[in-house]
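Offset between the sequence shown (1-based) and this note's numbering: plus 2.
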Amino acid sequence: MMLQVCPNGPHRPGGHPHVPVTVDDIVDAVTAAVAAGAQEVHVHPKAPDGTDSLRPGHVDPVVQALRGRHPDLPIGVTTGAWAVQDPADRLEQVGGWTSRPAYASVNWHEEGADELADLLLDMGIGVEAGLWFVGAAEAFGRYPRAGECTRILIEGTRQDIGQAVAEVKAIASVVAGLGLPVLCHGEGAATWPLFRLAVDAGFDSRIGLEDTFELPDGRMAASNADLVRAAVELMAQD
Numbered sequence: 003m004m005l006q007v008c009p010n011g012p013h014r015p016g017g018h019p020h021v022p023v024t025v026d027d028i029v030d031a032v033t034a035a036v037a038a039g040a041q042e043v044h045v046h047p048k049a050p051d052g053t054d055s056l057r058p059g060h061v062d063p064v065v066q067a068l069r070g071r072h073p074d075l076p077i078g079v080t081t082g083a084w085a086v087q088d089p090a091d092r093l094e095q096v097g098g099w100t101s102r103p104a105y106a107s108v109n110w111h112e113e114g115a116d117e118l119a120d121l122l123l124d125m126g127i128g129v130e131a132g133l134w135f136v137g138a139a140e141a142f143g144r145y146p147r148a149g150e151c152t153r154i155l156i157e158g159t160r161q162d163i164g165q166a167v168a169e170v171k172a173i174a175s176v177v178a179g180l181g182l183p184v185l186c187h188g189e190g191a192a193t194w195p196l197f198r199l200a201v202d203a204g205f206d207s208r209i210g211l212e213d214t215f216e217l218p219d220g221r222m223a224a225s226n227a228d229l230v231r232a233a234v235e236l237m238a239q240d
């Protein structure tokens with residue numbers, strides 16, 4: 003089971019005292035998480051105001067710094083449409099990346115997902131297919147280059163745990179025949195229940211302050227590394 007750390011997500015400064023925003027803070031947080039057991043990273047590069055950015059001037063320094071500290075660490079980044087709402091602008095910004103990550107997540111319910119994935123693959127960047135809904139999973143299954151993607155990223159976005167589990171299982175059923183690795187995760191209240199589901203199902207998973215500020219027992223996590231240590235403990239119990 004591969005464990006990915008997601009250290010910041012779209013959070014801006016103030017939500018948690020240790021959500022990393024600057025390049026240096028991101029590198030330090032990832033370094034601590036790797037020492038705790040994380041094997042890959044999914045990061046959201048930031049503009050100076052803490053909002054997510056896909057601009058080369060913000061993405062390249064993060065990828066360069068992480069690769070400089072961890073040359074063998076697979077680095078993934080977001081391409082979320084909330085960072086660049088116009089699909090053409092998003093393609094232009096991503097196409098300008100010179101320090102290329104190992105992969106980038108593409109949310110298949112967002113406009114222009116196929117075209118963005120084509121661009122990434124043509125640039126030699128892997129694609130994590132972010133599937134939030136059954137309809138997105140069905141759309142990804144129709145994507146002609148689905149088999150070239152790095153993995154399927156099943157994202158449990160519902161906060162009702164029963165609904166989150168049901169939707170994740172439904173998505174997994176839709177994509178089961180594609181033969182791609184699956185990473186399953188939840189967020190908020192569903193984070194740890196879906197992490198346990200991933201462990202039981204043999205999926206990869208992720209943990210970090212992007213998804214939750216809380217440890218499995220409900221205590222506030224002090225850092226991304228704290229969350230990774232808790233995840234490693236749960237994996238060892240399986």
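Heads up, the beta-carbon is just placed ideally off N, CA and C, and yes, glycines get one too.
Residues in the same chain with beta-carbon distance under 7 Å from residue i, minus the five sequence neighbours each way, listed in chain order, please.
i	result
Trp99	Pro58, Val61, Asp62
Ala29	Note that residue 29 is Val in the sequence shown, not Ala. Around Val29: Ala67, Leu68, Arg71.
Phe205	Val184, Leu185, Cys186
State the start and end residues of the unbroken beta strand (DSSP E) segment that holds residue i.
i	result
Gly188	184-188
Ala131	128-133
Leu123	Not the beta strand (DSSP E): Leu123 falls in the alpha helix (DSSP H), residues 115-124.
Gln6	5-7
Ala200	Ala200 -> not in any beta strand (DSSP E); alpha helix (DSSP H) instead, spanning 193-203.
Val79	77-79
How many Å lie between residue i and residue j at the Cα?
i	j	result
Arg198	Gln95	36 Å
Gly97	Arg221	41 Å
Trp194	Pro218	6 Å
Pro50	Arg160	30 Å
Ile156	Val7	15 Å
What residue does the alpha helix (DSSP H) around residue i start on, and which one ends it?
i	result
Leu68	58-71
Arg92	89-97
Ala106	Premise fails: Ala106 lies in the beta strand (DSSP E), 105-109, not in any alpha helix (DSSP H).
Glu283	This structure gives no information on residue 283, because the portion of the chain shown stretches from 3 to 240.
Beta-carbon within less than 6 Å of residue i's beta-carbon, same chain only, minus the 5 sequence neighbours each way: which residues are those?
i	result
Ala34	Ala227
Ser101	Asp62, Val65, Gln66
Gly52	Arg14, Pro15, Val23
Gly277	An answer regarding residue 277 cannot be provided, because it is not within the stretch 3 to 240 covered by the chain.
Just grab the DSSP bridge partners of residue i for me.
i	result
Met222	Glu216
Glu169	Partner(s): none; Glu169 has no beta bridge.
Only counting the same chain, and skipping five residues up and downstream in sequence, which positions put a Cβ closer than 8 Å to that of residue i?
i	result
Ala106	Gly78, Val79, Thr80, Thr81, Val96, Leu122, Ile127, Gly128, Val129, Glu130
Glu212	Cys8, Pro9, Asn10, Gly11, Pro12, His13, His44, His46, Glu189
When you compare the segment 145-153 with the segment 162-176, are there three or more beta-carbon pairs, one atom per stretch, that lie closer than 8 Å? No, because fewer than three Cβ pairs between the segment 145-153 and the segment 162-176 fall closer than 8 Å, the two stretches do not touch.
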